[in-house]
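S.K.: Starting off with a structure, shown below.
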Amino acid sequence: MARKINTDPIKTALVKTAGLLLKSDKDVDEKLGELLLDVQRMNLYGDGKTFVDLVPARRLKTIKEEYALVKQDPHFDLREFVARHFYDATEGIYPHQDSARPSDTPLEHIEGLWKILERRNRVTRGSLLALPYTYVVPGGRFNEQFYWDTYFIMLGLASSGKWKRIEGMMKNYTHEIRKYGYIPTANRTYLLSRSQPPFFSHMVTLLASHRRKGTVLREYLPYLLAEHRFWMRGRSKLAATEHNAFRRVVSMVDGALMNRYYDNKATPRPESLREDMETAEKSGRADPDRLYLHLRAGAESGWDFSSRWFLDPYDIHTIHTADIIPADLNSLLYHLEMTIADAYRASLNLVKARQFKKKAKQRAVAIDTYLWDEDTGFYRDYNFHHQSSMPVLSLAGVFPLYVGIATQAQADRVARVLERDFLRPGGLVATLIENGQQWDAPNGWAPLHWIVIQGLRRYGHTELADTITERWLTLNEKVYAESGKFIEKYDVGSEDGLGAGGEYTLQDGFGWTNGVYEALKRDLRI
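Spelled out as structure tokens, the structure:
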């Protein structure tokens with residue numbers, strides 16, 4: 016009889032209690048108070064993220080106290096005050112993301128960019144939290160290790176054999192899980208109250224494709240369990256809440272447990288404070304805190320922002336993200352539960368393996384019950400407050416194919432909708448709504464193209480997957496030939512291909528675009 020393998024109970028216990036005893040780093044809005052409000056309201060910088068990323072030259076408490084005194088002076092100059100007390104820690108340190116040399120092919124350009132996009136930050140500076148290992152950032156305004164971006168960056172790194180860098184970034188995440196009990200959006204103090212689409216189990220699967228699978232699964236099992244606990248935290252309190260929802264967990268009318276995006280705070284985001292306050296004012300809502308929660312939950316989704324989250328698809332003031340059961344999130348959690356089951360099986364703990372496989376199967380049934388729409392032949396997000404499907408179709412509806420939940424008949428119908436409604440000359444639009452938001456038409460995004468292409472291939476729709484791949488890569492190469500850049504998002508229907516919309520200007524670099532391009536070009540198979 017096989018002997019059960021010990022999965023390091025000491026490590027498991029430490030990870031299980033992570034985040035329960037440690038106070039999280041204070042947010043900049045708590046530390047700066049009126050100074051933050053005044054800087055962001057006056058739009059001192061074109062991008063609100065710029066100020067909250069600056070490093071204070073003195074203790075924040077001292078700066079805050081001085082500000083309260085000197086701001087009363089009629090000749091007070093806020094810009095001069097900020098320049099005297101804060102500095103940009105990145106200036107002159109990181110290499111510029113210059114346009115490529117004319118001789119660079121796209122792949123050569125990306126290979127050069129990986130080194131340029133590396134960051135090493137072992138000491139906390141201002142809002143930027145230390146991480147033990149070197150990491151790759153998206154680029155542009157983003158100098159942090161962002162959660163879901165990292166998976167798609169890893170795809171490119173894996174394609175070119177940079178496994179040491181991948182393992183270092185994985186260790187950064189295990190460090191965060193030990194410290195906070197979960198993976199935050201990124202390593203910034205003002206991003207600690209929320210996570211992002213949970214791709215950690217996919218990262219483990221990617222690493223397991225390179226090393227011995229069983230060894231990798233056993234090594235990361237405690238961290239996979241911590242990730243699951245974070246998303247399921249609050250199950251015992253559901254019965255006492257309105258709409259049977261608490262934090263990120265929702266109990267459906269039939270008792271099935273599903274999840275939503277959320278945030279532990281209900282205040283304006285420090286990095287987008289002016290925009291959030293303006294949205295609240297224009298909404299006319301009597302409960303701005305609830306609006307702020309929905310905006311923050313939208314940020315946790317990674318789709319900030321999209322008609323997916325709006326009651327009126329054309330009006331951000333109607334956002335209600337935390338009232339929605341998303342197709343992508345629940346598909347990713349299905350994969351997490353299946354990966355945990357596999358890890359327990361690799362540890363010869365078959366009882367636990369069966370328990371998590373059962374959880375995954377129950378979630379798959381719930382996804383089919385609540386998110387599959389027979390009328391349109393597509394998976395849709397679900398409003399659990401209204402007990403109805405959301406009206407907007409989006410590429411989030413392809414995630415059940417990506418993780419293998421759909422039946423063949425369902426996948427066939429999804430493929431038809433994609434080809435008929437979403438496909439454009441340069442690839443796929445994120446949604447069918449054109450409203451000026453960045454996660455809506457006419458924009459196409461690299462991570463969503465990867466999800467769709469892999470999902471279609473999984474169900475035998477290789478011709479459509481190849482068409483989408485060819486169109487997307489061609490658009491990437493066209494923009495690169497004209498600008499020397501890979502960018503964050505693309506307009507898949509226009510001549511110039513440059514994406515638009517959202518709260519900030521178009522960013523280049525760009526981590527996940529580079530990663531998906533390289534993975535598709537080199538035909539990475541996981």
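Taking this note's numbering, the leading residue of the sequence shown gets 16, the next gets one more, and so forth. Ideal placement from N, C-alpha and C gives every residue a C-beta, glycine not left out. As the structure is a prediction and not an experimental result, all values here were calculated from the model.
According to the Cβ coordinates, are Gly-229 and Ala-361 closer than 8 Å?
M.R.: Within the sequence shown, residue 229 is the residue found at index 214, counting from 1. Within the sequence shown, residue 361 is the residue found at index 346, counting from 1. It is a contact, given that the beta carbons lie within the stated cut-off.
S.K.: Hey, quick one: how far does the alpha helix (DSSP H) through Ser-174 stretch, first residue to last?
M.R.: By one-based count along the sequence shown, residue 174 stands at place 159. From DSSP, the alpha helix (DSSP H) with Ser-174 extends over 162-174.
S.K.: Could you name each continuous alpha helix (DSSP H) segment of 4 residues or more that falls completely within the stretch 381-445, going from the start of the chain to the end?
M.R.: Entirely contained in the stretch 381-445, the alpha helix (DSSP H) runs reaching 4 residues are, in chain order, 414-417, 423-432.
S.K.: Write down the C-beta distance between Ser-142 and Val-43 rounded to the nearest angstrom, noting that I regard them as a contact closer than 8 Å.
M.R.: As a position in the sequence shown, residue 142 is number 127, starting the count at 1. As a position in the sequence shown, residue 43 is number 28, starting the count at 1. The pair is a contact, with the Cβ atoms about 6 Å apart (cut-off 8 Å).
S.K.: Drop a sphere of 10 angstroms on the beta-carbon of Ile-541, count the other beta-carbons inside from all chains shown, and report buried for 16 or more, exposed for fewer.
M.R.: Taking the first residue of the sequence shown as position 1, residue 541 is located at position 526. Ile-541 is exposed by the Cβ-count criterion.
S.K.: In this structure, how does DSSP classify Glu-14 when only helix, strand and coil are distinguished?
M.R.: Because the chain in this structure spans residues 16 to 541, residue 14 falls outside the shown range and cannot be described.
S.K.: Determine the closest residue to Arg-180 out of Glu-133, Pro-213, Tyr-417, with distance taken between C-alpha atoms.
M.R.: As a working note, residue 180 is residue 165 in the sequence shown. Considering only alpha carbons, the answer is Glu-133.
S.K.: Considering Leu-206, what are the terminal residues of the alpha helix (DSSP H) in which it resides?
M.R.: In the sequence shown, the residue the question calls residue 206 occupies position 191. It is not in any alpha helix (DSSP H) - Leu-206 carries neither H nor E in the DSSP assignment.
S.K.: Can you tell me whether DSSP reads Ser-322 as helix, strand or coil?
M.R.: Here the question's residue 322 lines up with position 307 in the sequence shown. Residue state, collapsed to three classes: helix.
S.K.: If I follow the unbroken alpha helix (DSSP H) through Leu-544, where does it start and stop?
M.R.: Missing from the structure shown is residue 544; the chain here goes from 16 to 541 and no further.
S.K.: How about the stretch 438-458 and the stretch 373-393: do they share at least three Cβ pairs that are nearer than 8 Å?
M.R.: The stretch 438-458 is not in contact with the stretch 373-393.
S.K.: Can you give me the C-alpha to C-alpha distance between Gly-127 and Pro-212, rounded to a whole angstrom?
M.R.: Here residue 127 is taken as the residue at index 112 of the sequence shown, counted from 1. Here residue 212 is taken as the residue at index 197 of the sequence shown, counted from 1. Spanning the two alpha carbons is a distance of roughly 28 Å.
S.K.: What's the C-alpha gap between Lys-536 and Leu-172?
M.R.: Translated into the one-based positions of the sequence shown, residue 536 becomes position 521. Translated into the one-based positions of the sequence shown, residue 172 becomes position 157. Taking the straight line from one Cα to the other gives about 13 Å.
S.K.: At which residues does the alpha helix (DSSP H) containing Met-273 begin and terminate?
M.R.: Within the sequence shown, numbered from 1, the residue matching residue 273 stands at position 258. Taken as a continuous stretch (DSSP letters only), Met-273 belongs to no alpha helix (DSSP H), being part of the beta strand (DSSP E) at 272-274.
S.K.: Around the C-beta of Lys-500, are 16 or more other C-beta atoms found within 10 angstroms, so that it is buried, or is it exposed?
M.R.: In the sequence shown, counting from the first residue as 1, residue 500 sits at position 485. Lys-500 comes out buried.
S.K.: Would you give the residue range spanned by the alpha helix (DSSP H) that Ser-216 belongs to?
M.R.: Numbered from 1 along the sequence shown, position 201 holds the residue referred to as residue 216. Note, Ser-216: alpha helix (DSSP H), 215-223.
S.K.: DSSP three-state call for Tyr-238: helix, strand or coil?
M.R.: Stepping through the sequence shown from its first residue, residue 238 is reached at position 223. DSSP places Tyr-238 in helix when its eight states are reduced to three.
S.K.: Throw me the rounded Cβ distance for the Asn-450 and Pro-328 pair, which I believe falls under 8 Å.
M.R.: Locating residue 450 in the sequence shown gives position 435, counting from the first residue. Locating residue 328 in the sequence shown gives position 313, counting from the first residue. Yes, Asn-450 and Pro-328 are in contact; Cβ-Cβ is about 6 Å, under 8 Å.
S.K.: Pairing CB atoms from the stretch 248-257 with CB atoms from the stretch 213-220, are three or more of them under 8 Å?
M.R.: No, the stretch 248-257 does not touch the stretch 213-220.
S.K.: Exposed or buried, which one is Arg-311 when buried takes at least 16 other CB atoms within 10 Å?
M.R.: What you label residue 311 is simply residue 296 of the sequence shown in a count that begins at 1. It is buried - the Cβ of Arg-311 has at least 16 other Cβ atoms within 10 Å.
S.K.: Tell me, to the nearest whole angstrom, how far the beta carbon of Ala-411 is from that of Arg-323; I am working on the premise that it is less than 8 Å.
M.R.: Translated into the one-based positions of the sequence shown, residue 411 becomes position 396. Translated into the one-based positions of the sequence shown, residue 323 becomes position 308. Contact flag correct, Cβ pair sits at about 7 Å.
S.K.: May I ask which residues mark the beginning and end of the alpha helix (DSSP H) holding Ser-266?
M.R.: As a first step, residue 266 must be located in the sequence shown, where it is residue number 251. Looking at the DSSP string, Ser-266 is not in any alpha helix (DSSP H); the run it does join, the beta strand (DSSP E), is 264-266.
S.K.: Excluding sequence positions up to five away, which residues of its chain have a Cβ less than 6 Å from the Cβ of Tyr-417?
M.R.: By one-based count along the sequence shown, residue 417 stands at place 402. So the list reads Ile-466, Gln-469, Gly-470, once near-sequence residues are dropped.
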